[in-house]
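All you need for the numbering used here is the position in the sequence shown, starting with 1, plus 43.
Just so you know, even glycine gets a beta-carbon here, dropped at the ideal spot from N, CA and C.
Remember, predicted model here, so these are calculated numbers, not experimental data.
Contents: one structure, followed by commentary.
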Amino acid sequence: MVLPLITVDSWDEVFEQRGRYQLEPILPAFIAARRWFRSKARAIRCIAIDDAIRIGGAEACVLVLRIEYADGACDNYLLPLTVAKHSGSDELLAEAATPDGARRVIGGALANPQFRDALLNAIRCEEKFEGKAGEMVASRTKAYREECGDADLRIESFVSRAEQSNTSIIYRDRYILKLFRKVEPGVNPDIEIGRFLTGRGFKHTPAVLGTLEYRLLDRAQRPPDGLCAQGGDAAVGYAAGILQEFVPNQGDAWKYTLEALSGFFARALAQGEQAPEVKRHPLELMKQEMPVETRELLEAYADSARLLGKRTAEMHAALADENGGPDFAPERFAQEDAEKLYEEMLGQADITFELLKRKQGAMEGSAAESAQELLQMEDRVRERFSALRAGGMDAVRMRSHGDYHLGQVLWTGKDFMIIDFEGEPARPLADRRAKTLAMRDVAGMIRSFQYAAFAALFGQVSGVPVEPESMSAVEGWAAYWTAWVSAAYLHGYFEEAGTCSFVPADAEQRRILFDAFLLQKALYEVAYELNNRPDWARIPLRGILSLMN
Numbered sequence: 044m045v046l047p048l049i050t051v052d053s054w055d056e057v058f059e060q061r062g063r064y065q066l067e068p069i070l071p072a073f074i075a076a077r078r079w080f081r082s083k084a085r086a087i088r089c090i091a092i093d094d095a096i097r098i099g100g101a102e103a104c105v106l107v108l109r110i111e112y113a114d115g116a117c118d119n120y121l122l123p124l125t126v127a128k129h130s131g132s133d134e135l136l137a138e139a140a141t142p143d144g145a146r147r148v149i150g151g152a153l154a155n156p157q158f159r160d161a162l163l164n165a166i167r168c169e170e171k172f173e174g175k176a177g178e179m180v181a182s183r184t185k186a187y188r189e190e191c192g193d194a195d196l197r198i199e200s201f202v203s204r205a206e207q208s209n210t211s212i213i214y215r216d217r218y219i220l221k222l223f224r225k226v227e228p229g230v231n232p233d234i235e236i237g238r239f240l241t242g243r244g245f246k247h248t249p250a251v252l253g254t255l256e257y258r259l260l261d262r263a264q265r266p267p268d269g270l271c272a273q274g275g276d277a278a279v280g281y282a283a284g285i286l287q288e289f290v291p292n293q294g295d296a297w298k299y300t301l302e303a304l305s306g307f308f309a310r311a312l313a314q315g316e317q318a319p320e321v322k323r324h325p326l327e328l329m330k331q332e333m334p335v336e337t338r339e340l341l342e343a344y345a346d347s348a349r350l351l352g353k354r355t356a357e358m359h360a361a362l363a364d365e366n367g368g369p370d371f372a373p374e375r376f377a378q379e380d381a382e383k384l385y386e387e388m389l390g391q392a393d394i395t396f397e398l399l400k401r402k403q404g405a406m407e408g409s410a411a412e413s414a415q416e417l418l419q420m421e422d423r424v425r426e427r428f429s430a431l432r433a434g435g436m437d438a439v440r441m442r443s444h445g446d447y448h449l450g451q452v453l454w455t456g457k458d459f460m461i462i463d464f465e466g467e468p469a470r471p472l473a474d475r476r477a478k479t480l481a482m483r484d485v486a487g488m489i490r491s492f493q494y495a496a497f498a499a500l501f502g503q504v505s506g507v508p509v510e511p512e513s514m515s516a517v518e519g520w521a522a523y524w525t526a527w528v529s530a531a532y533l534h535g536y537f538e539e540a541g542t543c544s545f546v547p548a549d550a551e552q553r554r555i556l557f558d559a560f561l562l563q564k565a566l567y568e569v570a571y572e573l574n575n576r577p578d579w580a581r582i583p584l585r586g587i588l589s590l591m592n
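Below, the structure is given as structure tokens:
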């Protein structure tokens, strides 16, 4: 691999003005290829290095990037880089040469164990690292028990490959430090909610131990085209990282679910029969005792789904603390909230149906048939949302997870740990911090169950045949599994939630909210799949048709 070459008088100059001018033109191609870069569909117009924060020695920096797109939008990203004789990083940006002929590689700093140690020690000792425009501020919470001593703390560490939009460092079996790549001014909900739950002793999310934050210096005279969407307020910080306790686990609940599905399909398909059709609504099915033959097919996962429902309700109960202060205290779901939610859901319907009409011609097979059937129901779908406008919902608005699915839950082998409270990455920060109805999270998990089951159609479940002649049987059993697992989850959730203020006491109100959030989420999924994985659109399309019918 031939890397671009920059020239400097000394290694200290790599991230100073001379080095920056040479690095900036080569950054767009480099950034666009990174797995954590979220805007791959956008054309990058240019990238500027707005600041460079030296951490762990003069040759390692966290660059603050301003990425400007051809459509006029702008994002800020953090890029840790180092200058080394040999780099073990798979993020190689350039080579640097000095007049004496010496050369070094510029690459990702996270591959350097000394840099990883420096980040952890910074939090442990609450250090600050100053750049030209701002500073990186490390702080610890009361839950962090390691004292700052004379000797640097060194713990064996490695970079996790599990994440895509951020990057995590795992320090043996003690800590996990998540570095945010895309940063925005304001309070990051992952840190905010994590600290809130830690402070209230909620045991089913990893405790927050510390944070990293980039802050503009008060004296910084930043040019008008500096950091994006910041408005010149030097008091606003950018969340750069969160340190949490490491929870030993067997992977996320998505992985655990696919493994459970492998056994389920093996048992179900061995019967040589079509799956029984389940026609009851999930909120009704949850009241019915699970048949013995169903429990035998689901095995332990039936109890796991019920436990996950219980943990979800416990999370909501902790978040609905009336003494949580203005950012967390629940608020009455008023008529204007109902109108706003109704308009939000109609907006998602507009986006999805417009996209479906444009892309319908390119769809094939059962996905095309489902798309045609859904298009004929467009008015009925919109009408389904109208019940929200009646108002009078006996529930409160509260903080929630915001992007709740099986991938946001860890399976320890015996229990579940809920993680990642950032919310949907594509939504503005203000929307991700806004109070909403708890049923949004519940519907998100139900949609995730259907995705897991129907992933078998795409070869994602080990041992499940994907030949055309077996598709009908696989699809039938996937629907059967989804129905009963959803019922078990809902049973666990509502049994634990009881008469909590975030759950409507009236059964009809529960159903209206549940159906509306389920439908909105599935419509969002259709639009996402049409833009990214058109074949997979059949999963949310089927979910919508099942709900409508």
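Problem set entry | N- and C-terminal bounds of the beta strand (DSSP E) containing V51 | In the sequence shown, residue 51 corresponds to position 8, counting from 1. Neither: V51 is in no beta strand (DSSP E) and is coded neither H nor E.
Exercise. Below 8 Å, can you find three or more Cβ-Cβ pairs linking the region 457 to 477 to the region 417 to 435?
Worked result: Between the region 457 to 477 and the region 417 to 435 there are fewer than three C-beta pairs closer than 8 Å, too few to call the two in contact.
Exercise. To the nearest angstrom, how far is it from the Cα of M591 to the Cα of V424?
Worked result: Taking the sequence shown and counting its residues from 1, the one referred to as residue 591 is at position 548. Taking the sequence shown and counting its residues from 1, the one referred to as residue 424 is at position 381. Between the alpha carbons of M591 and V424 lies a distance of about 7 Å.
Problem set entry | Selection from F545, I489, V507 and E510 that minimises the alpha carbon distance to A531 | For the purposes of this step, residue 531 is taken as the residue at position 488 of the sequence shown. Ranking F545, I489, V507 and E510 by Cα distance to A531 puts I489 first.
For this session: Could you tell me if G274 is buried or exposed, where buried requires 16 or more neighbouring beta carbons within 10 angstroms of its beta carbon?
Result: In the sequence shown, residue 274 corresponds to position 231, counting from 1. With a pLDDT of 47 at G274, under the threshold of 50, the modelled position of that residue is not reliable, and the figure given next carries that caveat. The residue in question, G274, is exposed, as its Cβ has fewer than 16 Cβ neighbours within 10 Å.
For this session: Give the C-beta separation of L286 and Y218 to the nearest angstrom, bearing in mind that I take them to be a contact with Cβ-Cβ under 8 Å.
Result: The sequence position of residue 286 within the sequence shown is 243, counting from 1. The sequence position of residue 218 within the sequence shown is 175, counting from 1. About 6 Å; that satisfies the 8 Å criterion.
Exercise. Between the region 433 to 440 and the region 541 to 549, are three or more C-beta pairs nearer than 8 Å?
Worked result: Touching, yes.
Problem set entry | Runs of beta strand (DSSP E) wholly within the region 184 to 229 (minimum 3 residues, chain order) | Segments of the beta strand (DSSP E) lying fully in the region 184 to 229: 200 to 202, 209 to 214 and 218 to 223.
Exercise. Grouping DSSP H, G and I as helix and E and B as strand, with all else coil, what is E374?
Worked result: Working through the sequence shown from its first residue, we reach residue 374 at position 331. E374 carries a strand assignment under DSSP once its states are collapsed to helix, strand and coil.
Exercise. By a C-beta neighbour count over all protein chains shown, 10 Å radius and 16 as the cutoff for buried, is A540 buried or exposed?
Worked result: Position 497 of the sequence shown, counted from the first residue, corresponds to residue 540. It counts as buried.
Problem set entry | Span of the beta strand (DSSP E), counted from its first residue to its last, around R258 | Working through the sequence shown from its first residue, we reach residue 258 at position 215. Its beta strand (DSSP E) spans residues V251 to L259.
For this session: Note the first and the last residue of the continuous beta strand (DSSP E) segment covering N231.
Result: Position 188 of the sequence shown, counting from 1, holds the residue named residue 231. Unbroken run through N231: none, as it is neither H nor E.
For this session: Classify P508 as helix, strand or coil using the three-state DSSP reduction.
Result: For the purposes of this step, residue 508 is taken as the residue at position 465 of the sequence shown. Reduced to three states, the DSSP call for P508 is coil.
Exercise. Span of the beta strand (DSSP E) holding T125?
Worked result: Locating residue 125 in the sequence shown gives position 82, where the first residue counts as 1. That run of the beta strand (DSSP E) goes C117 to A127.
For this session: Could you spell out the range, first to last residue, of the alpha helix (DSSP H) harbouring M460?
Result: Residue numbering aside, residue 460 sits at position 417 when the sequence shown is read from its first letter. DSSP places M460 outside any alpha helix (DSSP H); the residue lies instead in the beta strand (DSSP E), whose first and last residues are F459 to I461.
For this session: Please confirm if the region 508 to 528 is in contact with the region 356 to 365, defined as three or more CB-CB distances below 8 Å between the two stretches.
Result: No contact exists between the region 508 to 528 and the region 356 to 365.
For this session: Mind checking who Q331 pairs with in its DSSP beta bridge?
Result: As a working mapping, residue 331 is identified with position 288 in the sequence shown. BP columns for Q331 are empty, so no partner.
Exercise. Nearest-angstrom Cα distance between W579 and T184?
Worked result: Looking up residue 579 in the sequence shown gives position 536. Looking up residue 184 in the sequence shown gives position 141. Their Cα atoms are separated by approximately 43 Å.
For this session: State the CB to CB distance for the pair V126 and L135, rounded to an integer number of angstroms; the pair is presumed to be in contact (CB under 8 Å).
Result: On the sequence shown, position 83 is the one that residue 126 refers to. On the sequence shown, position 92 is the one that residue 135 refers to. Their Cβ separation, rounded to whole angstroms, is 12 Å, which puts V126 and L135 out of contact at 8 Å.
Exercise. Are the region 512 to 521 and the region 312 to 319 touching, with three or more C-beta to C-beta distances below 8 Å?
Worked result: Contact check between the region 512 to 521 and the region 312 to 319: three or more CB pairs, one atom from each, fall below 8 Å, which counts as touching.
Exercise. Exposed or buried, P266, counting other C-beta atoms within 10 Å across all chains shown (16 or more means buried)?
Worked result: Stepping through the sequence shown from its first residue, residue 266 is reached at position 223. Unreliable placement is indicated for P266, whose pLDDT of 48 sits below 50; the coordinate value is still reported in the next sentence. Around the C-beta of P266, fewer than 16 other C-beta atoms lie within 10 Å, and the residue is accordingly described as exposed.
Exercise. Near R432, which residues of its chain fall below 7 Å by C-beta distance, leaving aside the five closest residues on each side in sequence?
Worked result: Locating residue 432 in the sequence shown gives position 389, where the first residue counts as 1. Closer than 7 Å at Cβ, skipping near neighbours: A381, E382 and Y385.
Problem set entry | Buried versus exposed, by CB contacts within 10 Å (16 or more), M179 | Taking the first residue of the sequence shown as position 1, residue 179 is located at position 136. Looking at its Cβ environment, which holds 16 or more other Cβ atoms inside 10 Å, M179 is buried.
Exercise. Do P228 and G174 come within 9 Å of each other at the CB atom, strictly closer than that value?
Worked result: If you number the sequence shown from 1, residue 174 lands on position 131. If you number the sequence shown from 1, residue 228 lands on position 185. No. Outside cutoff.
Problem set entry | Extent of the continuous beta strand (DSSP E) run through E111 | Against the sequence shown, residue 111 aligns to sequence position 68. First-last of the beta strand (DSSP E) with E111: A103 to Y112.
Problem set entry | DSSP three-state assignment for F307, whether helix, strand or coil | Here the question's residue 307 lines up with position 264 in the sequence shown. Residue state, collapsed to three classes: helix.
Exercise. Going along the chain, which residues of its own chain have a beta-carbon closer than 8 Å to the beta-carbon of L108, five neighbours each way excluded?
Worked result: For the purposes of this step, residue 108 is taken as the residue at position 65 of the sequence shown. Short of 8 Å from the beta carbon of L108, and not among the five residues preceding or following it, lie these beta carbons of its own chain, in chain order: L70, I74, I90, A91, I92, D93, N119, Y120, L121 and L122.
Exercise. Alpha carbon to alpha carbon, what distance is there between L472 and P232?
Worked result: Within the sequence shown, residue 232 is the residue found at index 189, counting from 1. Within the sequence shown, residue 472 is the residue found at index 429, counting from 1. L472 has its alpha-carbon roughly 8 Å from the corresponding atom of P232.
For this session: Return the chain-ordered list of same chain residues with a C-beta closer than 7 Å to the C-beta of Y523, the five sequence neighbours on each side being excluded.
Result: Here residue 523 refers to the residue found at position 480 of the sequence shown. Within its own chain, the residues whose Cβ lies closer than 7 Å to the Cβ of Y523, once the five positions on either side in sequence are excluded, are A318, P319 and V321, listed in chain order.
Exercise. Quick one: complete beta strand (DSSP E) runs, 3+ long, within the region 143 to 170?
Worked result: The DSSP assignment places complete beta strand (DSSP E) segments of no fewer than 3 residues inside the region 143 to 170 at 146 to 151, in order along the chain.
Exercise. How should S491 be labelled, buried or exposed, when 16 other C-beta atoms within 10 angstroms of its C-beta is the threshold for buried?
Worked result: Indexing the sequence shown from 1 puts residue 491 at position 448. Classification for S491: buried.
Exercise. In the region 501 to 550, which residue ranges form an unbroken alpha helix (DSSP H) of at least 4 residues, counting only runs that do not cross its ends?
Worked result: DSSP runs (the alpha helix (DSSP H)) wholly in the region 501 to 550: 514 to 540.
For this session: Quick one: grab the DSSP three-state call for M179.
Result: Working through the sequence shown from its first residue, we reach residue 179 at position 136. Here M179 sits in strand by DSSP.
For this session: Measure how close the beta-carbons of D595 and R85 come, nearest whole angstrom, since I'm counting them as under 8 Å.
Result: Lying before the first or after the last residue shown, residue 595 is absent from the chain, which here runs from 44 to 592.
Problem set entry | Bridge partners - V452, DSSP secondary structure assignment | One-based indexing of the sequence shown puts residue 452 at position 409. DSSP lists I461 as partners of V452.
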